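Chemist:
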Amino acid sequence: MKEQAAGVEVIMVGAGTSGLATAACLSLQSIPYVILERENCYASIWKKYSYDRLRLHLAKQFCQLPHLPFPSSYPMFVSRAQFIEHLDHYVSHFNIGPSIRYQRSVESASYDEATNMWNVKASNLLSPGREIEEYYSGRFLVVASGETTNPFTPDIRGLCSFCSSATGTGEVIHSTQYKNGKPYGGKNVLVVGSGNSGMEIALDLANHAAKTSLVVRSPVHVLSREMVYLGVVLFKYVPFGWVDTLMVMLSRLVYGDLSKYGIPKPREGPFFMKAAYGKYPVIDAGTCEKIKSGQIQSEQQNSQIGAQTRTELLLKTWLGTDTPQ
Numbered sequence: 024m025k026e027q028a029a030g031v032e033v034i035m036v037g038a039g040t041s042g043l044a045t046a047a048c049l050s051l052q053s054i055p056y057v058i059l060e061r062e063n064c065y066a067s068i069w070k071k072y073s074y075d076r077l078r079l080h081l082a083k084q085f086c087q088l089p090h091l092p093f094p095s096s097y098p099m100f101v102s103r104a105q106f107i108e109h110l111d112h113y114v115s116h117f118n119i120g121p122s123i124r125y126q127r128s129v130e131s132a133s134y135d136e137a138t139n140m141w142n143v144k145a146s147n148l149l150s151p152g153r154e155i156e157e158y159y160s161g162r163f164l165v166v167a168s169g170e171t172t173n174p175f176t177p178d179i180r181g182l183c184s185f186c187s188s189a190t191g192t193g194e195v196i197h198s199t200q201y202k203n204g205k206p207y208g209g210k211n212v213l214v215v216g217s218g219n220s221g222m223e224i225a226l227d228l229a230n231h232a233a234k235t236s237l238v239v240r241s242p243v244h245v246l247s248r249e250m251v252y253l254g255v256v257l258f259k260y261v262p263f264g265w266v267d268t269l270m271v272m273l274s275r276l277v278y279g280d281l282s283k284y285g286i287p288k289p290r291e292g293p294f295f296m297k298a299a300y301g302k303y304p305v306i307d308a309g310t311c312e313k314i315k316s317g318q319i320q321s322e323q324q325n326s327q328i329g330a331q332t333r334t335e336l337l338l339k340t341w342l343g344t345d346t347p348q
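The opening residue of the sequence shown carries number 24 in the numbering used here; numbering runs sequentially from there.
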C-alpha cells in the first residue's frame, strides 16, 4: 500500500538530539518540516537504550541544544534523568511533537533535479503485517540519524557454546539492554569492550558486588572529566597538538602506566584519535581505581568464551561510537 504525504520545506531523518536541535531552529524561522523517526519516541538512545547511572561526559555548557540552555540548577555534568527532562521541555517549548512521524523507517532518498526536490520513501511500522509505504517530498533533506544507531556484536570465540541451551547457561546482552547491576550481584560477569559505556558498566557492576572482568579489545586513552574540560577550553588558545600532549602527560600523572593493568595507550593523542578515527577517549568515573585494586579484572582481548566460563556474560559492544557525549 502506498501513501503520498504532503510536501514540506524540510524533511528530517531522525528525532535524536541533532534532529530536535534542527527542528527548534526551523520552528523559530517558521519553516515547515517533518521528522521521520524509526523508534516510537524521540531521543530513543537516551530514553530506551542507556543505563541508569549515565551522565554527560562533557560539561553542560558544551552540550546545550540551541536557544534553550540547561537550567542553572543542573550540575556541571548532567545526569541521564535530567537530560531527558530537559529534552521533554525542549520539545514542548518549540512545539516539535506534532511534526514527528514515529515508527517510520526511511528506505530511500533521491534528489529530482527537474523539480529541485528531495523524494523520500519510508515504511510505516505502525501497522504490523501491513506493508505501508509513504512518500515525502521537500526542498531540503537533513540526515540526523546519528552515529550511535545500530548495535554491533563482535565475533567472539566460544560465544555460541556459552549461550547454547545444551552446553551452557550463559546470558548474553548488549550494552543497550543494560540498566543497572542489581540483577548481577554476586555473579560472574564479563564485559567485552573498554569504551566509555563498557568501562562505566563494569564500574556499575562492581559497585553492585558482581564479580566483574573486562576485556580490553584495543588501546585507549583514559582521561578524567576535568581533563577533557580543560582540553576543550584550551582549544581556543593553543594548537591542537599541544593540547593532546598535555592530556597524555596529565593522564600519566593521574593514572600512572595503565598498560601494567592491561589497558594499553594508543600512539596518537586522544583528540587526534577522535578527529581522525572517531574513537573517543575513555572518561574515567572510577573504573581505573577498581582495576588497580583488583575489584575489576582485566582480560586479554583474545580470551575465549566457553560453556563453563561464566555464569553471566554482559556483552558490551560497539555502537559506532560509545556513549552519547
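Note that beta-carbon positions come from the ideal geometry of N, C-alpha and C, so glycine has one too. All values reported here derive from a predicted model rather than from experimental measurement.
1. With C-beta atoms as the reference, is A233 less than 8 Å away from G279?
2. Whole angstroms is fine: what's the gap from G161's alpha carbon to W141's?
3. Buried or exposed: which applies to K313, given that a residue is buried once 16 or more other Cβ atoms fall within 10 Å of its Cβ?
4. For the stretch 222 to 247, which segments carrying the alpha helix (DSSP H) assignment without a break, of at least 4 residues, lie completely within its bounds, in sequence order?
5. On the three-pair Cβ rule with 8 Å, is the stretch 64 to 75 touching the stretch 126 to 145?
6. Could you check what DSSP says for S122 in three-state terms: helix, strand or coil?
7. Counting along the chain, where does the beta strand (DSSP E) carrying Y134 start and finish?
8. If you measure from the beta carbon of P151 to each beta carbon in chain B, is any gap under 8 Å?
9. Nearest by alpha-carbon distance to E223: which of V245, F85 and E108 is it?
10. Report the rounded CA-to-CA distance for K202 versus H90, giving the unit in angstroms.
11. Return the CA-CA distance between L213 and T235, expressed in angstroms with no decimal places.
12. Using C-beta distances below 7 Å, list every residue in its chain close to E130, excluding the 5 sequence neighbours before and after it, in chain order.
13. Measure the C-alpha to C-alpha separation of K429 and V243 and round it to an integer number of angstroms.
14. Looking only at its chain, what residues have a beta carbon closer than 6 Å to the beta carbon of W341, apart from the 5 residues adjacent to it on each side?
15. Can you name, in chain order, every residue of its own chain whose Cβ lies under 7 Å from the Cβ of C311, other than the five neighbours on each side?
16. Kindly indicate which residue of V238, I319 and G254 has the alpha-carbon position closest to the one of P287.
17. How long is the line joining the alpha carbons of G37 and S168, rounded to whole angstroms?
18. Thinking C-alpha only, which one of P293, R290, H231 and S122 is nearest V31?
19. Looking at I34: is its Cβ nearer than 8 Å to the Cβ of L51?
20. Suppose the cutoff is 8 Å on Cβ atoms and the five residues either side in sequence are ignored; what does the same chain contact list for T334 look like?
21. Considering only the alpha carbon of each residue, which of A225, S95, N118 and C64 lies closest to I107?
22. Which two residues bound the contiguous beta strand (DSSP E) that contains M140?
23. Looking at V57 and Y159, is the spacing between their C-beta atoms short of 8 Å?
24. Rounded to the nearest angstrom, what separates R124 and L149 at their Cα positions?
25. Confirm, please, whether the CB-CB distance from S133 to R61 is below 8 Å.
26. State the Cα-Cα distance for the pair G39 and A66, rounded to the nearest angstrom.
27. Just to confirm before moving on: does the CB-CB distance between A44 and L79 stay below 8 Å?
28. Exposed or buried, R290, counting other C-beta atoms within 10 Å across all chains shown (16 or more means buried)?
29. Based on DSSP bridge pairs, tell me the residues matched to I319.
30. Taking just the CA atoms, how far does T199 sit from A104?
31. In chain order, what residues of the same chain have a beta carbon less than 7 Å from the beta carbon of F85, not counting five sequence neighbours either side?
32. My output table needs one value for N211: the three-state DSSP class, helix, strand or coil.
33. Which residue or residues does DSSP assign as beta-bridge partners of G161?
34. From which residue to which residue does the beta strand (DSSP E) around L379 run?
Modeler: To lay it out plainly:
1. Taking the first residue of the sequence shown as position 1, residue 233 is located at position 210. Taking the first residue of the sequence shown as position 1, residue 279 is located at position 256. No, these two residues do not count as a Cβ contact at 8 Å.
2. By one-based count along the sequence shown, residue 161 stands at place 138. By one-based count along the sequence shown, residue 141 stands at place 118. Taking the straight line joining both Cα atoms gives about 5 Å.
3. In the sequence shown, the residue the question calls residue 313 occupies position 290. Buried, since its Cβ has 16 or more Cβ neighbours within 10 Å.
4. none
5. no
6. Here residue 122 is taken as the residue at index 99 of the sequence shown, counted from 1. Correct three-state label for S122: helix.
7. Indexing the sequence shown from 1 puts residue 134 at position 111. That run of the beta strand (DSSP E) goes R127 to D135.
8. The structure shown contains no chain B; it is built from a single protein chain.
9. Reading the sequence shown from its first residue, position 200 is the one you call residue 223. Of the listed residues, the one whose Cα sits closest to E223 is V245.
10. As a first step, residue 202 must be located in the sequence shown, where it is residue number 179. As a first step, residue 90 must be located in the sequence shown, where it is residue number 67. C-alpha separation (whole angstroms): 31 Å.
11. Translated into positions along the sequence shown, residue 213 becomes position 190. Translated into positions along the sequence shown, residue 235 becomes position 212. Going by the C-alpha atoms only, they are around 6 Å apart.
12. By 1-based counting over the sequence shown, the position of residue 130 is 107. Excluding positions up to five away in sequence, the list reads K144, A145 and S146.
13. This structure does not reach residue 429, given that the chain is present from 24 up to 348, and the question cannot be answered.
14. Here residue 341 refers to the residue found at position 318 when the sequence shown is read from its first residue. Summary for W341: the model assigns pLDDT 43, below 50, so the residue's position carries little reliability; its value from the coordinates is reported in the next sentence. Hits under 6 Å: F175.
15. As a working note, residue 311 is residue 288 in the sequence shown. Within the same chain, V245, Y278 and L281 come within 7 Å of C311 by CB-CB distance, once the 5 residues on both sides are set aside.
16. Position 264 of the sequence shown holds residue 287. Nearest option by C-alpha distance: V238.
17. By 1-based counting over the sequence shown, the position of residue 37 is 14. By 1-based counting over the sequence shown, the position of residue 168 is 145. Going from the Cα of G37 to the Cα of S168 covers about 5 Å.
18. The residue given as residue 31 occupies position 8 in the sequence shown. With distances taken between Cα atoms, V31 lies closest to S122.
19. Counting from one through the sequence shown, the residue named residue 34 turns up at place 11. Counting from one through the sequence shown, the residue named residue 51 turns up at place 28. Their beta carbons are not under 8 Å apart, which means I34 does not touch L51 by this criterion.
20. By one-based count along the sequence shown, residue 334 stands at place 311. Note that T334 has pLDDT 43, beneath the 50 cutoff, so the model's placement of it is unreliable and the number below is only indicative. Closer than 8 Å at the Cβ level, and outside the excluded window around T334, lie T192, G193, K210 and N211.
21. Reading the sequence shown from its first residue, position 84 is the one you call residue 107. Of A225, S95, N118 and C64, the residue nearest in Cα terms is C64.
22. As a working note, residue 140 is residue 117 in the sequence shown. Here the beta strand (DSSP E) through M140 covers M140 to N147.
23. Numbered from its first residue, the sequence shown carries residue 159 at position 136. Numbered from its first residue, the sequence shown carries residue 57 at position 34. Closer than 8 Å, so yes.
24. Here residue 124 refers to the residue found at position 101 of the sequence shown. Here residue 149 refers to the residue found at position 126 of the sequence shown. The alpha-carbon atoms of R124 and L149 are separated by roughly 10 Å.
25. Looking up residue 61 in the sequence shown gives position 38. Looking up residue 133 in the sequence shown gives position 110. No.
26. Counted from its first residue, the sequence shown places residue 39 at position 16. Counted from its first residue, the sequence shown places residue 66 at position 43. Cα to Cα, the separation comes out at about 4 Å.
27. Within the sequence shown, the letter at position 21 stands for residue 44. Within the sequence shown, the letter at position 56 stands for residue 79. No, they are not a contact pair.
28. Here the question's residue 290 lines up with position 267 in the sequence shown. R290 should be labelled exposed.
29. Walking along the sequence shown from the start, residue 319 turns up at place 296. DSSP lists T235 as partners of I319.
30. Working through the sequence shown from its first residue, we reach residue 104 at position 81. Working through the sequence shown from its first residue, we reach residue 199 at position 176. Approximately 16 Å between the Cα atoms of the pair.
31. Counted from its first residue, the sequence shown places residue 85 at position 62. Counting only Cβ-Cβ distances below 7 Å, and skipping sequence neighbours, we find V255.
32. Translated into positions along the sequence shown, residue 211 becomes position 188. The answer is strand: DSSP assigns N211 an E or B state.
33. Within the sequence shown, the letter at position 138 stands for residue 161. Partner(s): V31 and W141.
34. This structure gives no information on residue 379, because the portion of the chain shown stretches from 24 to 348.
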